[in-house]
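> Under this note's numbering, the first residue of the sequence shown is numbered 1032, with each subsequent residue one higher.
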Amino acid sequence: METAIGVFASRDRAEEAIKELRNHVPDSSIVFLSRSENEAARIGKELAVVGGIAGGGAGLYAGIVASLLVPGLGTVFALGAGAAALLGLAGVGSGSVVGKALAADSKAMQTTPEEECSEDTSFFREVLREGRSLIVVRTVSTEIATAACEILDRLGLAMKDRTPTRMEITKRLQDDVAVLAISGRITLGEGNVTLREIVRELLEQGNRKIVLNLAEVQYVDSSGIGELVKTHTTISNQGGKLKLSNLSSRVNDLLTITRLSAVFDVEKEEASAVRSLASGAPSQAVA
């Protein structure tokens, strides 16, 4: 499953992104989340008209905006199937609804056991807490994910310039902390899969303290953002800790603009990140 995440500060950009996404991505793969009722209602209304389903026709965006009460966050307004699951609201009802009642009411907001364990829940809540809106695309199709990334990267708050440098990762163990020095780009089908596999191997080997040194990372696309989020929450869910260090200026700007700096635990230097996690075990190389 590939996850592409677009972070938006502008309602107009978010609306444009969803309109374009619907030409390439199934409605069932798209979720929009915002803490602004006006923004969600406007986008829901506009998309209902664009989709030719105004007046209560069938469809994911039939002018319906669900209002979800999220513990510790407050009300979140959502468009799209699976919104409740992304926010960790297993088995909740639809709550109040902007404009009209959901056709399936509580059934529309039920979650499956797999969705209840969404690894990205804390991330989505934190970004919403920072006042940004989110568009999340999840799909098993690489072709669809590629199209979604292009749209979200172009219209969302992300790095705009690409680099031809492929991603490389150097692994080592310092004290009892696994350090991954990453260079190049973290993108769909290249960097995101490699990073996912390396982190999985480390966790299987019992390494649950991980530092990502991003000094040489020059580009992160919307799928790469999704992978960093997944890395963070996967490690946390297994009782581990992740720290980012040595952010390149471009990555630092990305995290600042998108407010993701409030989500990740960031240290200026690798050494300080390692010290904050280490328990004093002797250094050794990772196989």
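Just so it is clear, CB atoms sit at the ideal spot from N, CA and C, and this is done for glycine as well.
1) Just how far apart, CA to CA, sit S1276 and T1201?
2) Taking all protein chains shown into account, do 16 or more other C-beta atoms lie within 10 angstroms of the C-beta of I1266, making it buried, or fewer, making it exposed?
3) Applying the 10 Å Cβ sphere with the 16-neighbour rule, what's the burial state of N1054?
4) Would you kindly work out how many angstroms separate the C-alpha atoms of N1244 and L1273, rounded to a whole number?
5) Return the chain-ordered list of same chain residues with a C-beta closer than 6 angstroms to the C-beta of F1039, the five sequence neighbours on each side being excluded.
6) What are the start and end residues of the alpha helix (DSSP H) that includes G1257?
7) How would you label V1171, buried or exposed, when you count the other beta carbons within 10 angstroms and need 16 or more for buried?
8) Rounded to the nearest angstrom, what separates R1306 and S1253 at their Cα positions?
9) Going by DSSP, what residue range makes up the beta strand (DSSP E) through L1026?
10) For L1100, which of S1065, L1259, I1074, S1292 has the nearest alpha-carbon?
11) How long is the line joining the alpha carbons of A1293 and G1111, rounded to whole angstroms?
12) Should T1152 go down as buried or exposed, given a rule of 16 or more other Cβ atoms within 10 Å for buried?
The short version:
1) Distance between the alpha carbons of S1276 and T1201 is about 14 angstroms.
2) By the Cβ neighbour-count rule, I1266 is buried, with 16 or more other Cβ atoms within 10 Å of its own.
3) N1054 is exposed by the Cβ-count criterion.
4) Those two C-alpha atoms are separated by around 11 angstroms.
5) Excluding residues within five positions, the ones whose Cβ falls inside 6 angstroms are A1045, S1164, G1187.
6) Segment 1253-1268, the alpha helix (DSSP H) holding G1257.
7) Counting Cβ neighbours within 10 Å, V1171 comes out exposed, since fewer than 16 surround it.
8) One alpha carbon belongs to R1306, the other to S1253, and they sit about 31 angstroms apart.
9) In the structure as shown, the chain starts at 1032 and stops at 1318, and residue 1026 therefore has no counterpart that could be examined.
10) Just measuring C-alpha positions, the residue of S1065, L1259, I1074, S1292 sitting nearest L1100 is S1065.
11) Here the alpha carbons of G1111 and A1293 stand approximately 26 angstroms from one another.
12) Of the residues assessed, T1152 falls on the buried side of the cut-off, its CB having 16 or more other CB atoms within 10 angstroms.
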